[in-house]
Amino acid sequence: MNKIDTTFLTYACKILADTNTGLSGSQIIEYCNAYSLDFNKIIKYVEYPFMAPNKRTVLKENLQSFSAEEQFTIIKELCELDQFSDNEKIINLKEQLFIRYGYLTAEKFSNTEVIIKTKHLLSDFPLALKQYEAALTKFEGNIFDRNILDDIRLSFELLLKSLLNNDKSLENQISLLGNVLKDKSVSVEVRSMLQKLIDYYTKYQNKNVKHNDNINKDEIEYLIELTSVMMKFLIKVLK
């Protein structure tokens, strides 16, 4: 049975209802009432001012009326309120929410066919799989855009190191990869296409990730899927 641990709920409510930077008492009641209607749940505290020790208690006891999936949605959406856009504690809370309970999200990018197949193929490459899953977790949580691409690049690099049995950087694998694919009877067109893709891929990473935090969010999903397609192909051909 899915469940968000009480300790995590306590932690989340402490951050979200912080005395100085969190939601006000009236906001907590407003949002909790709205979610009780959305999810058709009865909550303990419905009016402000309330008869409770503090705001944290009100939020926590109201959250306990919801299912784990509903709690996940509520905490996620509260973290995404405009008033918290620059709050480091809230940003960290959202990261921890997805790391621990990302499986509860309603719509998961990782449930797409290409991602499922890539994860399956990476099961024999645990180091690469770990970085791949880290990228997916951050992407689904819409957090740490730069780190998403750092993780997916490292996953790809670790995979190639395993497949080609060396310790070269991604940039320095391109020529060797072409020769190995030739030995595997991969067509010259596909070899050239893949080598050119990796060349552009590394140049993009070096320009936009290593030295620039202003990542175009519209490109992130494309780059994850592109990396996945390349990884799938290379595992099937070289393993």
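Going by our numbering, the residue at position 110 of the sequence shown is 111; the numbering climbs one at a time, nothing skipped.
A virtual CB, placed ideally from N, CA and C, is assigned to each residue, including glycine.
The structure displayed is predicted, hence computed values, not measured ones.
Sequence-distant residues of its chain with Cβ nearer than 7 Å to residue i (five each side left out)
i    : result
Q206 : L150, R154
A1   : Not covered by the structure: residue 1. The range shown for the chain is 2 to 240.
F40  : F67, E71
V230 : V115
K118 : K233
Closest residue to residue i among the options (Cα-Cα distance)
i    : options               : result
I199 : L171, K218, S86       : L171
S66  : E226, F110, K185, V47 : V47
N93  : I144, V59, H121, A129 : I144
R57  : N88, E71, L17, L79    : L17
D152 : D87, I225, L161, E89  : I225
L164 : A129, N148, T228      : A129
N173 : F157, K183, V187      : F157
S27  : A35, K185, Y49        : Y49
I76  : L161, N55, F99, P54   : F99
Segment limits, alpha helix (DSSP H) that includes residue i
i    : result
V59  : 56-64
D200 : 189-209
S176 : 175-184
F51  : That residue, F51, is in no alpha helix (DSSP H); it is neither H nor E in DSSP.
S27  : 26-40
I75  : 69-80
Residues near residue i in its chain [Cβ-Cβ closer than 8 Å; skip 5 each side]
i    : result
K237 : L122
Spatial neighbours of residue i in its chain, beta-carbon cut-off 6 Å, leaving aside the 5 residues before and after
i    : result
F73  : Y102, L105
Y36  : I75
L161 : Q174
Minimum length 3: unbroken beta strand (DSSP E) runs contained in the segment 82-132: Taken in chain order, the segment 82-132 contains no complete beta strand (DSSP E) segment of 3 residues or longer.
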